[in-house]
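Here's the structure, in structure tokens; my notes come after.
Residue numbers (the working numbering): 459 to 504.
Quick look at the structure:
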């Protein structure tokens with residue numbers, strides 16, 4: 459295996475990691491937001 463293919467592989471791996479991290483951040487934000495909305499609804503009902 460020659461070394462010419464390696465930088466591209468590293469780049470795609472870094473891109474995949476970044477996409478995964480962004481997806482995790484988005485799902486975490488949605489989770490936190492929905493939790494906050496539910497809490498405010500519960501506060502309003504009491």
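Cβ coordinates follow ideal geometry from the N, Cα and C atoms, glycine included.
All figures in this text were calculated on a predicted structure; none of them were measured in a lab.
For residue i and residue j, I'd like the C-alpha separation in whole angstroms.
| i | j | result |
| --- | --- | --- |
| residue 481 | residue 496 | 22 angstroms |
| residue 479 | residue 502 | 34 angstroms |
| residue 467 | residue 476 | 14 angstroms |
| residue 473 | residue 492 | 29 angstroms |
| residue 489 | residue 483 | 10 angstroms |
| residue 500 | residue 485 | 22 angstroms |
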